[in-house]
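Numbering (our numbering), first residue to last: 81 to 401.
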């Protein structure tokens, strides 16, 4: 069995001043060519976990412990030059909103050329490489696109440009932070199909962040469910969807609309609001919203136990259906 491309172990993230825990002891692995999804509500720590891999945590937030081993290198100890060389070439990211990720006053062709220029010297073939990358993601009239500004493209087309930019240097790992959230359903499906095709074609690993389980059902191999800065369940897509063990995962799946239900009844919801990660302490963070809560859940924190195929952090798992 090959070694993991990415191994995150005991990752902790907190604020620098007046320290508050934002991500608590998160551990997972991504194998070469594997796609892993991270699911959870806003504030669960999904994006911070991804940004820590790239060394792009926002100001005032820092890694408080643990390690991030990428291809044999601990990124938590890497110097700025090493991280700069990794970004874009070995690890790329597609952001949620392409309009804020792209420079609004720079032509798209120039922005893509900058990706090449930041890692190698431009040559006579650089423009052709950029045009080929744009064609590969379905951008029509690439010569015109090269001379266009971001505002001249639709949201779906801007996201295609972002994907082309992320794939331009053939990274080993692609991180996608909810890249389809701002798109309508039809365009969303096109982007999902495009990313899936490119991943298989390049045999590339992927970390896909989303709050929507329905998005990743046919996109990833394994799922990680996060809540209040902790991993509460992880396993293969089939195991998570057919046999959810954590009450939170069960609630997320129950809230998805059914294609066969024509009664249009009200969707199931999880009562309450997510707890702040720094307020969880040594308890189960989901306890205030859980229908299976007992005194044990508010007295200590459950540990994530199980196998690669299925693990859960819960004192009272749902059990087999």
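Glycine residues also receive a C-beta, built at the ideal position from the N, C-alpha and C atoms.
Which listed residue (the options) has its alpha carbon closest to that of residue i
i, options, result
"residue 141", "375, 161, 149, 131", "131"
"residue 320", "310, 91, 309, 305", "305"
"residue 445", "388, 299, 287", "No answer is possible for residue 445: it lies beyond the span of the chain, which begins at 81 and ends at 401."
"residue 99", "202, 145, 206", "145"
"residue 260", "384, 232, 292", "292"
"residue 148", "280, 360, 90, 200", "90"
"residue 437", "254, 179, 279", "Any property of residue 437 remains undetermined from this structure, which presents the chain solely from 81 to 401."
"residue 102", "386, 316, 308", "308"
"residue 389", "95, 264, 108", "108"
"residue 125", "317, 251, 357, 233", "357"
"residue 302", "391, 190, 191", "391"
"residue 161", "106, 135, 180, 190", "135"
"residue 352", "385, 121, 158, 296", "121"
"residue 369", "283, 234, 328, 318", "328"
"residue 193", "176, 174, 213", "213"
"residue 139", "334, 96, 296, 360", "96"
"residue 279", "104, 270, 113", "113"
"residue 317", "271, 116, 190", "116"
Residue i to residue j span [Cα, whole Å]
i, j, result
"residue 166", "residue 86", "13 angstroms"
"residue 396", "residue 313", "13 angstroms"
"residue 186", "residue 346", "46 angstroms"
"residue 256", "residue 118", "10 angstroms"
"residue 168", "residue 373", "45 angstroms"
"residue 400", "residue 156", "Residue placement at residue 400 is flagged as unreliable, the pLDDT there being 48, under the threshold of 50; a coordinate-derived value is accordingly withheld."
"residue 366", "residue 82", "35 angstroms"
"residue 220", "residue 226", "11 angstroms"
"residue 354", "residue 123", "8 angstroms"
"residue 383", "residue 377", "11 angstroms"
"residue 287", "residue 371", "31 angstroms"
"residue 364", "residue 311", "11 angstroms"
"residue 263", "residue 224", "23 angstroms"
"residue 84", "residue 387", "16 angstroms"
"residue 350", "residue 202", "53 angstroms"
"residue 207", "residue 246", "16 angstroms"
"residue 235", "residue 176", "11 angstroms"
"residue 322", "residue 333", "10 angstroms"
"residue 158", "residue 88", "15 angstroms"
"residue 265", "residue 375", "43 angstroms"
"residue 133", "residue 360", "24 angstroms"
Per DSSP, cross-strand counterpart(s) of residue i
i, result
"residue 302", "116, 316"
"residue 167", "171"
"residue 358", "According to DSSP, residue 358 bridges with nothing at all."
"residue 88", "108, 148"
"residue 101", "94"
"residue 391", "314, 386"
"residue 153", "150"
"residue 285", "253"
"residue 141", "95"
Sequence-distant residues of its chain with Cβ nearer than 8 angstroms to residue i (five each side left out)
i, result
"residue 274", "217, 218, 240, 243"
"residue 137", "93, 128, 131, 143"
"residue 479", "In this structure the chain extends from 81 to 401, so residue 479 is not present and cannot be described."
"residue 230", "178, 179, 182, 183, 184, 188, 238, 241"
"residue 294", "336"
"residue 251", "168, 169, 170, 171, 172, 284"
"residue 271", "236, 239, 240, 243, 259, 260, 263"
"residue 296", "117, 119, 288, 290, 303, 317"
Own chain partners of residue i with C-beta closer than 7 angstroms, once the 5 adjacent residues on each side are dropped
i, result
"residue 362", "380, 381"
"residue 215", "222"
"residue 276", "299"
"residue 228", "187, 188"
"residue 330", "324, 398"
Spatial neighbours of residue i in its chain, beta-carbon cut-off 6 angstroms, leaving aside the 5 residues before and after
i, result
"residue 394", "326, 382"
"residue 211", "222"
List in chain order: all unbroken alpha helix (DSSP H) runs of 4+ residues lying wholly within the stretch 203–264.
For the stretch 203–264, the continuous alpha helix (DSSP H) assignments of 4+ residues that do not extend past its boundaries occur at 206–216, 222–226, 235–247, in sequence order.
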